[in-house]
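Presented below is the structure to which this report refers.
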Amino acid sequence: MIPKPFLAICLSLCLFFGLRAQQDVLISYEHIAHLSIEDIQQRYKALGIPKMITPIRYPIDIYDIIYYTELPDGEKIRASGIYFVPQVEEGQALPVVQYNHGTAFKMRGEGSYDYNGEKDVATFYATDGYAIAWQDYIGLGKVNDHFHPYQHAETEGRSGYDLLRALREVNLELDITWNDQLFVTGYSQGGHAAMAVHKYIQEHPEEGLAVTASSPMSGAYDMAGAQSVTMFQEYTQPWYLPYLIYGYESIYDEIEGPTEAVFKAPYDTLIPNMYDGNHDRFDFNKVLPAIPADMVVDSIVHLFKTDSNFFFTRLLKENALWNWVPESPMQICYCKADEEVFYKNALVAHEYMTTHGANYNRLRHTGKKFNHFDCAGFSAIYTKFYFDSFRKGSKRGRKGPIMKRFMITMAKLFTKAK
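Quick note: the sequence shown uses our numbering, first residue 887, plus one each step.
In structure tokens form, the structure reads like this:
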């Protein structure tokens, strides 16, 4: 018979090392803001959001999160995120939205909890009782240990997944309880990242982390196909091309010599000096050509056009997110007049997924006349309606209450195309 003291020691050691394993993800958390009901009401008023569309129920506490994630080569690296926590009654379990913001270049400032104004989206979820797990992505937010790997599917997926794991540790400290509903969404780059997070969680199952439903919005899921035409025509956002090149090079190291060697003069000297954390996309657009391919040396452009095995084409295909099959419901939002992320990205993804066995995969055309900016707000509202339907018991997801949808339809009629 094994002595009881020995069994007690073994049990204690197992618990100790088990807790240590759980604590390998979270580095730190810090309370940075509180939004009272009055604060939220004032913000709704400023934005013109009727409370009937998305109610104000709870004040919100906001935390900065620093945690560990991994690069594809296994290197452990720090990343940051934001945790929006509604102040609900003690013991009330919260559904979770893992949120992915759109493209950003700069770090978040001290006390800041926003990119692109998307804190308002997080707020209208959180005040209605959702916990929001907002990832900043590698190289952005509060930690700049690595160049941001823009539109890189594996790191987007892994860092979102690891943030959720880190927040489970925070929950133990703050006595926060999640229920079994996990939703994933994001807009623009965040749409690509939402696809990546959903896919990563599906492929790396862990107890307590299973996607209930996702709603990627206006993401470039097919960069080598539907989105690739942006290289060879006038495009409103030419900054995307060097950001992709530098981001992928930080992961794959495919270019012989300095990365800027792929650019023509004067862009070979202008572009690298602008990745200093002090410039945004507007600064880039002022100095870059309207046709993105015009900043790249001719030999590289020729290879991209003619060689299907060219390394940049291969990397774009490797980071495609239209060609997989989600096992849980998904709504893909898009706008046909989106001039930044072409709507066919959504159509290509939906067609592949539904023809390869995805159940309850739906398209949500947010509006025919909306550009990329205007598409965002309406897509976020339709996404909340969709997620709310699961909270109310739907297994497949619904469009939302008819009166709320009518109000949004009327609002769209009075929103001018830009």
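Ideal placement from N, C-alpha and C gives every residue a C-beta, glycine not left out. Remember, it's a predicted structure, so these values are computed and weren't measured experimentally.
Sequence-distant residues of its chain with Cβ nearer than 7 angstroms to S1045 (five each side left out): Position 159 of the sequence shown, counted from the start, is the residue given in the question as residue 1045. Closer than 7 angstroms at the Cβ level, and outside the excluded window around S1045, lie T955, A965, Q1021, Y1023 and I1024.
Same chain, Cβ closer than 7 angstroms to L901, five either side skipped, listed in chain order: Along the sequence shown, read from residue 1 onward, the residue named residue 901 stands at position 15. Below a pLDDT of 50, predicted positions are generally treated as unreliable, and L901, at 40, falls in that range; the measurement from the model is reported next regardless. Excluding residues within five positions, none has a Cβ falling inside 7 angstroms.
Considering Cα atoms alone, identify which of P1178, E924, G1003 and T1295 is closest to F1118. In the sequence shown, the residue the question calls residue 1118 occupies position 232. Closest by alpha carbon: P1178.
At 3 residues or longer, what runs of the beta strand (DSSP E) sit wholly inside the stretch 924-976? 946-956 and 962-972
Between Q1123 and the rest of its own chain, which residues show a CB-CB distance below 6 angstroms, the 5 nearest in sequence each way excluded? Taking the sequence shown and counting its residues from 1, the one referred to as residue 1123 is at position 237. Result list for Q1123: E1226, in chain order.
CA-CA distance, F1228 and M1103? Taking the sequence shown and counting its residues from 1, the one referred to as residue 1228 is at position 342. Taking the sequence shown and counting its residues from 1, the one referred to as residue 1103 is at position 217. Those two C-alpha atoms are separated by around 12 angstroms.
Please report the straight-line C-alpha distance between D1139 and F1168, rounded to a whole angstrom. Locating residue 1139 in the sequence shown gives position 253, counting from the first residue. Locating residue 1168 in the sequence shown gives position 282, counting from the first residue. For D1139 and F1168, the distance between alpha carbons rounds to 27 angstroms.
Taking the alpha carbon of E924 as the point to measure from, which residue in I946, A1262 and M938 has its own alpha carbon closest? The residue given as residue 924 occupies position 38 in the sequence shown. Answer by Cα proximity: I946.
Measuring alpha carbon to alpha carbon, tell me which residue in T1192, Y1268 and N1164 is nearest K1285. In the sequence shown, residue 1285 corresponds to position 399, counting from 1. Answer by Cα proximity: Y1268.
Could you tell me which residues DSSP pairs with I1157 in its beta bridges? Numbered from 1 along the sequence shown, position 271 holds the residue referred to as residue 1157. DSSP lists no partner for I1157.
For G1163, which residues from the same chain have a beta carbon less than 8 angstroms from its beta carbon, with the 5 sequence-adjacent residues on both sides left out? In the sequence shown, residue 1163 corresponds to position 277, counting from 1. So the qualifying residues of the chain are F991, K992, M993 and N1030.
How about A1008 and V982: are their beta carbons less than 7 angstroms apart? As a position in the sequence shown, residue 1008 is number 122, starting the count at 1. As a position in the sequence shown, residue 982 is number 96, starting the count at 1. No.
If you scan the stretch 1046-1120 from start to end, which runs of the beta strand (DSSP E) of 3 or more residues do you find wholly inside it? 1064-1073 and 1099-1103
At least 3 beta-carbon pairs within less than 8 angstroms: the stretch 1052-1072 vs the stretch 1188-1202: Not touching, per the Cβ criterion.
Would you list, in sequence order, the uninterrupted alpha helix (DSSP H) runs of no fewer than 4 residues that lie entirely inside the stretch 1167-1207? 1167-1173, 1184-1192 and 1197-1204
Might you give, ordered along the chain, the residues of its own chain that have their beta carbon closer than 6 angstroms to the beta carbon of Y1134, omitting 5 neighbours on each side? Position 248 of the sequence shown, counted from the first residue, corresponds to residue 1134. Once the five neighbours on either side are set aside, the close Cβ partners of Y1134 are L1201.
When DSSP labels each residue in this structure, what does Y1138 get in the three-state scheme? Residue numbering aside, residue 1138 sits at position 252 when the sequence shown is read from its first letter. Three-state result, Y1138: helix.
Whose CA, out of D1154, L1189 and Y1161, lies closest to the CA of M1181? Counting from 1 along the sequence shown, the entry for residue 1181 is found at position 295. Nearest option by C-alpha distance: D1154.
Option nearest L1060 by Cα separation, candidates K931, Y915, V1115 and R1051: For this step, residue 1060 is matched to residue 174 along the sequence shown. Among K931, Y915, V1115 and R1051, the Cα nearest to that of L1060 belongs to Y915.
So I1218 is in the beta strand (DSSP E); what residue range does that whole segment cover? Position 332 of the sequence shown, counting from 1, holds the residue named residue 1218. Run containing I1218: M1216 to C1221, per the beta strand (DSSP E) assignment.
Alpha helix (DSSP H) containing Y1315: first to last residue? Given that the chain is displayed from residue 887 to residue 1304, the structure contains no residue 1315 and the question cannot be resolved.
Three or more C-beta pairs closer than 8 angstroms, one from the stretch 1230-1240 and one from the stretch 1267-1282: is that the case here? no
Please state the DSSP three-state secondary structure of E916. Position 30 of the sequence shown, counted from the start, is the residue given in the question as residue 916. The answer is strand: DSSP assigns E916 an E or B state.
Mapping DSSP to helix, strand and coil, what is E1026? Along the sequence shown, one-based indexing puts residue 1026 at 140. Going by the sequence as given, residue 1026 is Leu instead of Glu. Residue state, collapsed to three classes: coil.
Taking only three categories from DSSP, how would you classify P891? On the sequence shown, position 5 is the one that residue 891 refers to. Reliability fails at P891, whose pLDDT of 46 lies under 50, so the model's placement of it is uncertain and the value that follows must be treated cautiously. P891: helix per DSSP, three-state reduction.
What is the DSSP secondary structure of F1149, counted as helix, strand or coil? Along the sequence shown, one-based indexing puts residue 1149 at 263. The answer is strand: DSSP assigns F1149 an E or B state.
By a C-beta neighbour count over all protein chains shown, 10 Å radius and 16 as the cutoff for buried, is H1084 buried or exposed? Position 198 of the sequence shown, counting from 1, holds the residue named residue 1084. Buried.
Am I right that A919 and I948 are in contact with their C-beta atoms under 8 angstroms? What's the rounded C-beta distance? Reading the sequence shown from its first residue, position 33 is the one you call residue 919. Reading the sequence shown from its first residue, position 62 is the one you call residue 948. So it is a contact: roughly 4 angstroms between Cβ atoms.
Let me check understanding here. Comparing Cα to Cα, which of I926, W1210, S998 and Q1067 lies closest to S1275? Taking the sequence shown and counting its residues from 1, the one referred to as residue 1275 is at position 389. Taking only the C-alpha atoms, the option nearest S1275 is Q1067.
Look at the Cβ atom of A1232, then the Cβ atom of Y1220, and state whether they are nearer than 7 angstroms. Start at 1 with the first residue of the sequence shown, and residue 1232 comes out as number 346. Start at 1 with the first residue of the sequence shown, and residue 1220 comes out as number 334. In contact: A1232 and Y1220 (Cβ atoms closer than 7 angstroms).
Spatial neighbours of I1294 within its chain, please: CB distance less than 8 angstroms, with the 5 preceding and 5 following residues excluded, ordered by chain position. Against the sequence shown, residue 1294 aligns to sequence position 408. Cβ neighbours of I1294 beyond the five flanking positions: I939, F1264, I1267 and Y1268.
Leaving out five residues on either side along the sequence, give the residues of the same chain with a beta carbon under 6 angstroms from the beta carbon of A1262. In the sequence shown, the residue the question calls residue 1262 occupies position 376. Excluding positions up to five away in sequence, the list reads Y1073.
Using alpha carbons as the reference points, say which of H1242, Y999, D1260 and N1247 lies closest to K1222. Numbered from 1 along the sequence shown, position 336 holds the residue referred to as residue 1222. If we check each option's Cα against that of K1222, D1260 comes out closest.
Tell me V983's beta-bridge partners as DSSP assigns them. For the purposes of this step, residue 983 is taken as the residue at position 97 of the sequence shown. Bridge partners of V983: I1018 and F1069.
Chain-order list of residues whose beta-carbon lies under 7 angstroms from that of Y1129 (same chain, five-residue window excluded): For the purposes of this step, residue 1129 is identified with residue 243 of the sequence shown, where counting begins at 1. Here the set comprises Y1036.
Taking Cβ to Cβ, would you say I963 is nearer than 7 angstroms to H1032? As a first step, residue 963 is located in the sequence shown; it is residue number 77 there, counting from the start. As a first step, residue 1032 is located in the sequence shown; it is residue number 146 there, counting from the start. Yes. Within cutoff.
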